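Inspection log for the structure reproduced underneath, given as structure tokens.
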Amino acid sequence: MSLKVYNSLTRQKEVFQSITPGHVGLYVCGPTVSGESHLGHARPYITFDVLYRYLNYLGYQVRYVRNITDAGHFEEEGRAAEDKVSSKAILEKLEPMELVQKYTNRFHWAMLQFNNIEPSIEPTATGHIVEQINMIEQIIADGYAYVVNGSVYFDVNKYHKDFSAKGQPYGILSGRNLEEQLDTTRDLEGQDEKRNKADFALWKQAPPQHIMRWKSPWGEGFPGWHIECSAMATKYLGKQFDIHGGGMDLQFPHHECEIAQSTVCNHAMPARYWMHNNMITINGKKMGKSYNNVIKLSELFSGNHPLLTQPFHPMTIRFFILQSHYRSTLDFSNEALQGSERAFKRLWEAYQQIPQIQIVAETATQPELDVQCRQLAEVMDEYMNDDLNTAKVLANMFELVPVINGLRNKQLPLDAISAQTWSIVTSQIKKFIEDILGLKWEQEGGDKIEGVLQLLVQIRQSAKQKKDFQTSDTIRKELAALGILLKDEKDGTTSWSMD
RNA sequence: GGUCCUGUGGCCGAGUGGCUAGGCAGAGCUCUGCAAAAGCUUCUACAGCGGUUCGAAUCCGCUCGGGACCUCCA
Numbered sequence: 000m001s002l003k004v005y006n007s008l009t010r011q012k013e014v015f016q017s018i019t020p021g022h023v024g025l026y027v028c029g030p031t032v033s034g035e036s037h038l039g040h041a042r043p044y045i046t047f048d049v050l051y052r053y054l055n056y057l058g059y060q061v062r063y064v065r066n067i068t069d070a071g072h073f074e075e076e077g078r079a080a081e082d083k084v085s086s087k088a089i090l091e092k093l094e095p096m097e098l099v100q101k102y103t104n105r106f107h108w109a110m111l112q113f114n115n116i117e118p119s120i121e122p123t124a125t126g127h128i129v130e131q132i133n134m135i136e137q138i139i140a141d142g143y144a145y146v147v148n149g150s151v152y153f154d155v156n157k158y159h160k161d162f163s164a165k166g167q168p169y170g171i172l173s174g175r176n177l178e179e180q181l182d183t184t185r186d187l188e189g190q191d192e193k194r195n196k197a198d199f200a201l202w203k204q205a206p207p208q209h210i211m212r213w214k215s216p217w218g219e220g221f222p223g224w225h226i227e228c229s230a231m232a233t234k235y236l237g238k239q240f241d242i243h244g245g246g247m248d249l250q251f252p253h254h255e256c257e258i259a260q261s262t263v264c265n266h267a268m269p270a271r272y273w274m275h276n277n278m279i280t281i282n283g284k285k286m287g288k289s290y291n292n293v294i295k296l297s298e299l300f301s302g303n304h305p306l307l308t309q310p311f312h313p314m315t316i317r318f319f320i321l322q323s324h325y326r327s328t329l330d331f332s333n334e335a336l337q338g339s340e341r342a343f344k345r346l347w348e349a350y351q352q353i354p355q356i357q358i359v360a361e362t363a364t365q366p367e368l369d370v371q372c373r374q375l376a377e378v379m380d381e382y383m384n385d386d387l388n389t390a391k392v393l394a395n396m397f398e399l400v401p402v403i404n405g406l407r408n409k410q411l412p413l414d415a416i417s418a419q420t421w422s423i424v425t426s427q428i429k430k431f432i433e434d435i436l437g438l439k440w441e442q443e444g445g446d447k448i449e450g451v452l453q454l455l456v457q458i459r460q461s462a463k464q465k466k467d468f469q470t471s472d473t474i475r476k477e478l479a480a481l482g483i484l485l486k487d488e489k490d491g492t493t494s495w496s497m498d
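So the first sequence is numbered by the working numbering: it starts at 0 and just counts up by one.
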């Protein structure tokens with residue numbers, strides 16, 4: 000069975016076939032680094048990280064490009080707009096690159112916390128002004144853009160007319176009808192410069208107070224909203240590449256505009272597969288800046304938010320996200336996250352037990368269980384192939400958890416399943432947990448703490464032997480207060496886990 | 001108003017025309033010096049009303065509810 004992905008362009012699941020055998024070009028819309036990332040931002044980057052990991056696992060060599068949008072209408076919270084034009088000293092003024100650097104750093108830090116693999120190329124919009132200008136010039140030369148007062152607009156009507164005939168009308172991705180669009184588009188600033196309401200800016204003339212500006216053939220200004228992705232995707236992945244990903248809210252207008260621009264320049268639909276993740280919601284409503292309901296990642300990690308009763312580990316959030324399908328909305332709540340925290344802990348602790356379990360039986364004494372385990376493990380690949388159904392993969396893992404724990408705690412005989420099955424089960428679990436789903440759990444402390452704990456466990460052990468339960472219970476209780484749980488195992492040993 | 005998605009048990013969530021999803025929470029039991037953990041068992045479902053079908057939570061229609069996009073947005 001081969002990988003199938005849901006293609007937003009065709010609105011159906013399709014078998015994935017790369018343009019160049021063995022290679023995949025993947026472009027994912029990255030963050031706008033004018034502010035701190037929130038929980039909603041975590042979803043696409045985790046989703047496409049899993050896609051990237053899975054494609055790698057399938058043997059593809061993937062070039063994963065994820066941009067940083069660092070050009071635009073930036074302001075820092077709390078800083079007045081007058082900053083930009085005032086005669087303040089340079090160090091007192093808002094320096095756009097400083098702002099952008101700050102949030103880029105934070106974004107990278109968050110990605111690291113989530114155990115997301117870095118993209119192959121992470122191009123910035125400001126680093127590709129030249130490419131964007133070139134692209135705009137080409138669009139103008141081809142007659143699909145016009146210049147007004149130092150700004151350049153894309154002529155959507157002309158594009159729509161010409162390319163509908165070629166099977167690529169404007170609206171092909173989002174299923175929109177341009178004719179209907181015209182009346183429903185809201186009034187925006189600078190609307191009167193456009194020939195048509197549906198037209199969009201490729202280049203905007205910078206008003207005097209605009210702090211980010213570059214010289215261009217049309218005067219000083221800054222690139223439009225959509226051109227950076229077209230320019231950078233073309234530069235690093237070619238005129239047509241395999242997969243373009245991003246949040247569903249980018250489908251229109253962002254990706255639609257990208258398609259139009261790139262198609263004019265490159266004479267090809269830029270990406271063959273368009274994949275969109277759904278939104279994270281709070282109380283059923285999309286989490287978003289304009290809804291005023293965001294929970295920043297830093298707040299999630301620290302627990303410092305009115306809706307949170309505790310901090311949440313990045314891996315809890317990753318697990319939470321992977322427990323649902325990426326194309327469904329995912330409703331956030333403190334309670335749901337607590338559930339994920341406990342679930343992930345149980346999964347991880349079972350996973351940690353695997354090396355302690357030695358199975359040598361050639362034949363299983365419980366053949367039904369044996370077959371069941373094998374199937375649960377083997378079918379995980381099929382679930383991933385079915386449009387990345389991480390929820391089902393995890394469900395199967397949880398069906399295997401009682402088997403692992405049962406073997407470890409002697410509630411199941413060690414020969415219940417065969418060594419061969421055990422090997423399949425354990426290698427599948429390891430492969431999926433670590434390599435594909437990218438889950439991990441690092442215990443803090445290091446060697447020294449480990450040594451101290453071992454000593455305490457030994458002292459407690461001998462106290463227990465002398466039936467000095469007061470001492471043994473005190474040790475356990477005090478450690479528990481520090482967030483370290485001691486567990487007396489069936490075989491007489493004591494294990495511990497930290498929160 | 002236009003386009004589209006969605007409504008699953010206390011909560012979060014998969015899912016397919018016929019077979020227990022799974023997790024968290026709850027209940028009982030086993031193990032245990034106690035505890036924790038673990039194991040076993042167990043309770044709450046498919047918004048409503050029609051229709052298609054031998055059979056539908058799963059397909060169709062209607063009603064009601066929720067949401068997304070149409071504007072920066074992951």
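Every residue gets a Cβ at the ideal spot worked out from N, C-alpha and C, and that includes glycine. Quick caveat: nothing in here was measured; it's all calculated off a predicted structure.
Backbone CA spacing between residue i and residue j [nearest angstrom]
i: S297; j: Q112; result: 11 Å
i: S426; j: D154; result: 55 Å
i: Y272; j: V49; result: 16 Å
i: Y51; j: D161; result: 36 Å
i: R373; j: T420; result: 6 Å
i: A479; j: S339; result: 22 Å
i: S471; j: K409; result: 25 Å
i: M247; j: G450; result: 50 Å
i: N176; j: A140; result: 27 Å
i: A80; j: I171; result: Note that A80 scores a pLDDT of 46, beneath 50, so its modelled location is shaky; the value from the coordinates is reported in the next line. Straight-line Cα distance between these residues: approximately 39 Å.
i: Y143; j: K157; result: 7 Å
i: E433; j: N55; result: 13 Å
i: F300; j: L2; result: 34 Å
i: V23; j: Q16; result: 9 Å
i: H253; j: N333; result: 32 Å
i: D82; j: T103; result: Low per-residue confidence applies at D82: pLDDT is 45, beneath 50, and the placement is therefore not dependable, though the value from the model is reported in the following sentence. Their Cα atoms are separated by approximately 22 Å.
Given residue i as reference, the closest of the options once Cα atoms are compared
i: G126; options: G142, V147, P118, T68; result: T68
i: D330; options: N303, Q365, N292; result: N292
i: Q204; options: N195, G220, K196, M211; result: G220
i: F431; options: W347, Q11, V147; result: W347
i: K238; options: S496, Q250, Y26, V99; result: Y26
i: N395; options: E367, Q371, I416; result: Q371
i: Q453; options: L485, F300, D241; result: L485
i: T389; options: P269, F318, V14, R194; result: F318
i: H312; options: Y290, A342, S289; result: A342
i: L57; options: G491, L387, Q100; result: L387
i: N276; options: G287, I258, G245, E334; result: G245
i: M497; options: D467, K463, E441; result: E441
i: E367; options: I416, V378, A335, H324; result: I416
Cβ pair residue i, residue j closer than 8 Å
i: I483; j: I403; result: no
i: L375; j: L406; result: no
i: P213; j: I128; result: A small correction: the amino acid at residue 213 is Trp; Pro does not occupy that position in the sequence shown. Yes, the pair counts as a contact, with Cβ atoms nearer than the cut-off.
i: A360; j: L413; result: yes
i: S36; j: F106; result: yes
i: I435; j: Y53; result: yes
i: M314; j: K439; result: yes
i: I448; j: I474; result: no
i: L236; j: R345; result: no
i: R326; j: Y59; result: no
i: C264; j: I138; result: yes
i: A70; j: E227; result: yes
For residue i: DSSP bridge partner residues
i: E13; result: V4
i: F199; result: F153
i: R65; result: V27
i: P222; result: W202
i: I258; result: Beta-bridge pairing links I258 to no other residue.
i: F468; result: The partner list for F468 (beta bridge, DSSP) is empty, contrary to what the question assumes.
i: A479; result: Paired residues: none, contrary to the question.
i: D487; result: T493
i: G246; result: N276
i: L329; result: I279
i: H22; result: Q60
i: V147; result: S150
i: A270; result: F240
i: T123; result: I67
Closer than 7 Å: residue i CB and nearest the ligand NAP heavy atom
i: C256; result: Looking at this structure, you won't find the ligand NAP or any other ligand, since it has none at all.
- prompt: Hey, is the region 101 to 116 in contact with the region 164 to 172, meaning 3+ C-beta pairs nearer than 8 Å?
  reply: Not touching, per the Cβ criterion.
query: Are the region 38 to 46 and the region 5 to 24 in contact at 8 Å, needing three or more beta carbon pairs?
result: No, because fewer than three Cβ pairs between the region 38 to 46 and the region 5 to 24 fall closer than 8 Å, the two stretches do not touch.
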